[in-house]
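Asker: Residue numbers (the working numbering): 26 to 211. We treat Cβ as the ideally placed atom computed from N, Cα and C, and that holds for glycine.
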């Protein structure tokens, strides 16, 4: 059953919470878990909407993925879900800038970057339900870690870096909520 469309609250404005990080950082898990705490919220895990065969993982593919995520964000906002969480689709700051051009301006953007030590990330990638091959992990590991998102000096978002190396999911969610009180008031 679908809820009737609700106009976005003019007092709140639309907000966007982006969850970013390397493979195995916990993006999909956190996007899913954060929704339960997000008032008037919706979530988008781009890994769920970006599956293709073959999957070229090139600039054209990521452009398509960004446009698809942007369309869903806009649809959720139009339906009255003023707090949209989206993750697993930005490679770097230029990707973010291209994504923002596809959106109407939100009131606020929060960029949550999940950071994790490589040995913990490797363990997560091997033991999680979403299995990958060693060849895939080796290929992903050849991609240098992006730092442009956290180092952008002219960014229009609030950067929230969370080192999840020693955190469980509940503590990671708590730290994100504490860092964004505009959305997660107590």
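At the level of alpha carbons, what is the spacing between residue 104 and residue 110?
Answerer: 15 Å
Asker: Identify the residues that DSSP records as bridge partners of residue 192: which are they?
Answerer: Looking at the DSSP assignment, residue 192 forms no beta bridge with any residue, so it has no partner.
Asker: Assuming contact is defined by CB atoms lying nearer than 8 Å, are residue 58 and residue 198 in contact in what I supplied?
Answerer: yes
Asker: Run through the DSSP bridge pairs and tell me what residue 41 is partnered with.
Answerer: 109 and 134
Asker: Using C-beta distances below 7 Å, list every residue in its chain close to residue 171, excluding the 5 sequence neighbours before and after it, in chain order.
Answerer: 116 and 117
Asker: Identify whether residue 146 lies in helix, strand or coil by the three-state DSSP scheme.
Answerer: helix
Asker: Using alpha carbons as the reference points, say which of 70, 137 and 143 lies closest to residue 93.
Answerer: 70
Asker: Can you list, in chain order, the residues of its chain with a C-beta nearer than 6 Å to that of residue 75? Leave out the 5 residues immediately preceding and following it.
Answerer: 90
Asker: Taking DSSP as the reference, what is the three-state secondary structure of residue 168?
Answerer: In the structure shown, residue 168 adopts coil according to DSSP, grouped into three states.
Asker: Where do the ends of the beta strand (DSSP E) carrying residue 73 lie?
Answerer: Taken as a continuous stretch (DSSP letters only), residue 73 belongs to no beta strand (DSSP E), being part of the alpha helix (DSSP H) at 71–74.
Asker: Spatial neighbours of residue 41 within its chain, please: C-beta separation below 6 Å, excluding the five flanking residues on both sides.
Answerer: 109, 131 and 134
Asker: Given that a residue counts as buried once 16 or more other Cβ atoms are within 10 Å of its Cβ, and exposed if not, what is residue 129?
Answerer: exposed
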